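Numbering (this note's numbering), first residue to last: 29 to 174.
As structure tokens, this is what we get:
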């Protein structure tokens, strides 16, 4: 059984690795069978993280992530994450492709992790993807629209 402090440190290591674009270091703290409730069924486990972040970093090579708040209780850790970057590559999503705009974005996410046996075993996320797409010029509403 890990302590809440150890669980928070595990999430910090994960976020720091993602911020550095060090996928191997991020994978080290994730269970190989990670259940990612925020991803498609074909993007589960450690292989799913590889797929997700390779696509993200191809579209936003300067992406930065910082944990603004970190709260833990029992086996759960919640991180309020700030994500920023510039879309200089194409977003290749499962059902569509969004061309590079060269525009910057800054958005917040809420991530919830369940820790088991010293690894991140389960993940949920609330992301402002629409806000990011709007900032990048991909959404039907632009700045100033009401």
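In this text, a Cβ means the ideal position worked out from N, Cα and C, and glycines have one as well. Remember, it's a predicted structure, so these values are computed and weren't measured experimentally.
What would DSSP say about residue i, mapped onto helix, strand or coil?
i	result
residue 39	helix
residue 113	strand
residue 87	helix
residue 97	strand
residue 165	coil
residue 76	helix
residue 61	strand
residue 149	strand
Looking at residue j and residue i, is the spacing between their C-beta atoms short of 9 Å?
i	j	result
residue 91	residue 112	yes
residue 76	residue 59	no
Regarding residue i and the ligand COA, is the C-beta to nearest heavy atom distance less than 8 Å?
i	result
residue 129	In the structure shown, the ligand COA is absent, as is every other ligand, since no ligand is present at all.
Less than 8 Å between the CB atoms is what I'm expecting for residue i and residue j, so what's the real figure, rounded?
i	j	result
residue 143	residue 30	6 Å
Is it right to say residue i is buried, meaning 16 or more other beta carbons lie within 10 angstroms of its own, or is it exposed?
i	result
residue 158	exposed
residue 124	exposed
residue 148	buried
residue 182	Lying before the first or after the last residue shown, residue 182 is absent from the chain, which here runs from 29 to 174.
residue 93	buried
residue 62	buried
Checklist entry - Within the chosen definition, does the segment 30 to 47 reach the segment 98 to 107 through at least 3 CB pairs nearer than 8 Å? => result Cβ pair count under 8 Å is three or more, so yes.
Item to check | Contact between the segment 81 to 90 and the segment 113 to 125 (3+ Cβ pairs under 8 Å) | outcome: Under the Cβ criterion (8 Å, minimum of three pairs), the segment 81 to 90 counts as touching the segment 113 to 125.
Next on the checklist: Could you check whether the segment 158 to 169 touches the segment 128 to 144, counting it as contact only if at least three pairs of C-beta atoms, one from each stretch, sit closer than 8 Å?
Outcome noted: yes
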